[in-house]
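Numbering-wise (UniProt numbering), the sequence shown opens with residue 1 and increments by one.
Beta carbons: idealized from backbone N, C-alpha and C, even for Gly.
Computed from a prediction, not measured in an experiment: that's the story for all the values here.
Report on the following structure.
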Amino acid sequence: MSRKGKSRATKGATIPIYKRGRGVQAAAFQGRGSGYGSCSRAVAAVTAQTQLPSGGGSKELGIPTANFSEQVVESFPSDIPTGIYYGWACVGNGDVHKMVLSIGWNPFYKNIKKSVETHIIHTFKEDFYGEILSIVITGYIRPEKNFDSLDALILAIQEDIEEAKRQLDLPEHLKLKEDNFFHLPEGKIVNNR
1 MSRKGKSRAT KGATIPIYKR GRGVQAAAFQ GRGSGYGSCS RAVAAVTAQT QLPSGGGSKE
61 LGIPTANFSE QVVESFPSDI PTGIYYGWAC VGNGDVHKMV LSIGWNPFYK NIKKSVETHI
121 IHTFKEDFYG EILSIVITGY IRPEKNFDSL DALILAIQED IEEAKRQLDL PEHLKLKEDN
181 FFHLPEGKIV NNR
């Protein structure tokens, strides 16, 4: 991933790459669900502090999520498509794990504020709210949509998780797991603090 801040426009929307709370470069969005095929480089990357989910959806679904603050969500470009994405996530300087991510308003829960919710495909021994979470979004699964029932929503999320696992096993996505982005220097201050 280049860190020179250059932008390349290809098919799809152009969105910035984020590092340590600031936009540093643009990358073209491509995704399976958009008809453009899988993306071989990061769509976006973010490092920020996690917070408790604002609603009860995470517990009700049995699918824990780590959420970013309103300030971080607002720093995403307004034209980034809402929907379900996949990529890599790392808590602090820990191991890098597969993840799925929702960007949008979660129509089933009728949220009035846009959110970015990350489900890390790993079982943690304890909650990590308030910790630094680094994510690299590598592809798009599907648009955000409403569901007729909680069971239908849970089934869709489980299918998204399986799709993320399949996509992230592809060589072009595996190489992003080892990116230096995930390794914060000791004592490094993030989130503009």
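TODO: Tell me the start and end of each unbroken alpha helix (DSSP H) in the UniProt domain "Riboflavin kinase" (52-169) that is at least 4 residues and wholly inside, in chain order.
DONE: 57-61, 70-75, 150-168
Task: G83 burial status per 10 Å Cβ neighbour count (16 or more: buried) - done: buried
Task: Rounded C-alpha distance that separates L168 from V100 - done: 10 Å
Open item on the list: Is it the case that the segment 150-168 contacts the segment 70-83, given that we only count it when at least three CB pairs across the two stretches are under 8 Å?
Closed with: no
TODO: Could you please give the first and the last residue of the uninterrupted alpha helix (DSSP H) stretch that includes E172?
DONE: 171-177
Task: Under 8 Å between C-beta atoms of V136 and A48 - done: no
- [ ] Go through its chain and collect everything with a Cβ distance to H97's Cβ below 8 Å, but skip five positions before and after it.
- [x] W88, A89, C90, I120, I121, H122
Task: Coarse secondary structure for A48, derived from DSSP in three states - done: strand
Open item on the list: When you compare the CB positions of N180 and E117, do they come within less than 8 Å of one another, or not?
Closed with: no
Task: Outcome for I112 when other beta-carbon atoms lying within 10 angstroms are tallied against a minimum of 16 - done: exposed
Open item on the list: Assuming contact is defined by CB atoms lying nearer than 8 Å, are E131 and T65 in contact in what I supplied?
Closed with: no
Task: Expected contact under 8 Å - CB spacing of L144 and P171 to nearest Å - done: Looking at the sequence itself, residue 144 is Glu, so the reference to Leu does not match. Between P171 and E144 the Cβ distance is about 29 Å, and since that is not below 8 Å, they are no contact.
Open item on the list: Can you give me the C-alpha to C-alpha distance between residue 239 and G92, rounded to a whole angstrom?
Closed with: There is simply no residue 239 to check, as the chain begins at 1 and stops at 193 in what is shown.
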